[in-house]
Amino acid sequence: MRKLPIEFSGAIQQVQADATRNRGFAFLDAICGPVDAVEIHEWLTTLEVAVVGCGGIGSTVAALLAGLGVRRFVLVDPDAVEEGNLSRQLLYTLRDVGLPKVEVLSRALEDRFRDLKVRRLALDALDPRAILMIQDCSLVVCAGDDPPILPALLEKQLGHQVPVWACGYALGISVVRPPIGRTRTASPMPHWQGVSGGVAPSIGFQNLEIAARCCAEIVLGRGRPGAPYGLDYRNRRTLL
Numbered sequence: 001m002r003k004l005p006i007e008f009s010g011a012i013q014q015v016q017a018d019a020t021r022n023r024g025f026a027f028l029d030a031i032c033g034p035v036d037a038v039e040i041h042e043w044l045t046t047l048e049v050a051v052v053g054c055g056g057i058g059s060t061v062a063a064l065l066a067g068l069g070v071r072r073f074v075l076v077d078p079d080a081v082e083e084g085n086l087s088r089q090l091l092y093t094l095r096d097v098g099l100p101k102v103e104v105l106s107r108a109l110e111d112r113f114r115d116l117k118v119r120r121l122a123l124d125a126l127d128p129r130a131i132l133m134i135q136d137c138s139l140v141v142c143a144g145d146d147p148p149i150l151p152a153l154l155e156k157q158l159g160h161q162v163p164v165w166a167c168g169y170a171l172g173i174s175v176v177r178p179p180i181g182r183t184r185t186a187s188p189m190p191h192w193q194g195v196s197g198g199v200a201p202s203i204g205f206q207n208l209e210i211a212a213r214c215c216a217e218i219v220l221g222r223g224r225p226g227a228p229y230g231l232d233y234r235n236r237r238t239l240l
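Take 1 as the starting number for the sequence shown in UniProt numbering and just add one per residue.
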């Protein structure tokens, strides 16, 4: 068993004292060991994550990452909450109908987690003002569904300098496409260019599955080449 370096002991005590994160830290400790768990936690706290598309997938990704320690977000979505969203976008309520999604999601995150810094942009993701703010982020989670090639357009606009995780639906298949050359994924990766335009149909449980898969890619992989989507927790081997 690896011994815990003394410099990590204070960090562990700090995380364990935070009621919003200690269970997640215990999970990482169990599957990765305390040293890796601390490294993952410290890495998460350095990130600023842009979430493009704050619907059922994007809003859930933001909440999951905030629960694991990410403290800085840029939320990008031009849409307002509609009553038809509520069956599958679970952070929104009836009293939010008509309000900008970025404002409601920001409030929902800040009601749950301390010390967040959230910047809100009720703009199209390809708007030059949005690109200017997104380009300073550590990574982008693209959960927007129109146009279907939005992730590729974002990568081009960002000069391929910011890693873009694409997640959504393609011909009825759940898709999480990490930045090429950074991680591997267990998800199929069909050509999104072949998907017709318009807002994709979605259902709540599949949104949650896609969001969870995306967070697993980001957190367990730490953006490094060759990182797996999942782990066999009992045998501590990769699942590919």
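Here a beta-carbon is modelled for each residue, glycine too, at the ideal position from N, C-alpha and C.
Note that this is a predicted model, so its numbers are computed, not measured.
- Distance check between L44 and each of L28, V176 and G56 places L28 closest, using alpha-carbon atoms only.
- With fewer than 16 other CB atoms across the displayed protein chains lying within 10 angstroms of its CB, A30 is exposed.
- In the structure shown, the three-state DSSP call for E82 is coil.
- Secondary structure of V38 (DSSP, three-state): helix.
- Scanning its chain for C-beta atoms nearer than 6 Å, with the 5 sequence neighbours on each side dropped, one finds around D115 the residues R71, in chain order.
- By the CB criterion at 7 Å, C142 and V164 fall inside the cutoff.
- Buried is the label assigned to L109, since at least 16 other Cβ atoms lie within 10 Å of its Cβ.
- Residue pairing from DSSP places C167 in a beta bridge opposite V176.
- Annotation for T46: S138 place their beta carbon closer than 8 Å to its own, counting only its chain and skipping 5 residues before and after.
- V162 sits in coil when the DSSP states are folded into three classes, being neither helix nor strand.
- V61 is positioned such that its CB atom lies no closer than 7 Å to that of A216.
- Boundaries of the alpha helix (DSSP H) around V102: K101 to R112.
- Secondary structure of R88 (DSSP, three-state): coil.
- In this structure the region 78 to 92 touches the region 49 to 63; the number of beta carbon pairs closer than 8 Å is three or more.
- A buried status is given to P148, since no fewer than 16 other beta-carbon atoms sit within 10 Å of its beta-carbon.
- For Q135 and V162, the gap between their C-alpha atoms comes out near 7 Å.
- One thing to note: A122 has its Cβ no nearer than 7 Å to the Cβ of V140.
- Linking L99 to S202 through their CA atoms gives a straight-line distance of about 21 Å.
- Distance from the CA atom of S174 to the CA atom of Q206, rounded to whole angstroms, is 7 Å.
- A straight-line Cα-Cα distance of about 6 Å links L75 and V52.
- Listed as beta-bridge partners of C142 by DSSP are V52 and A166.
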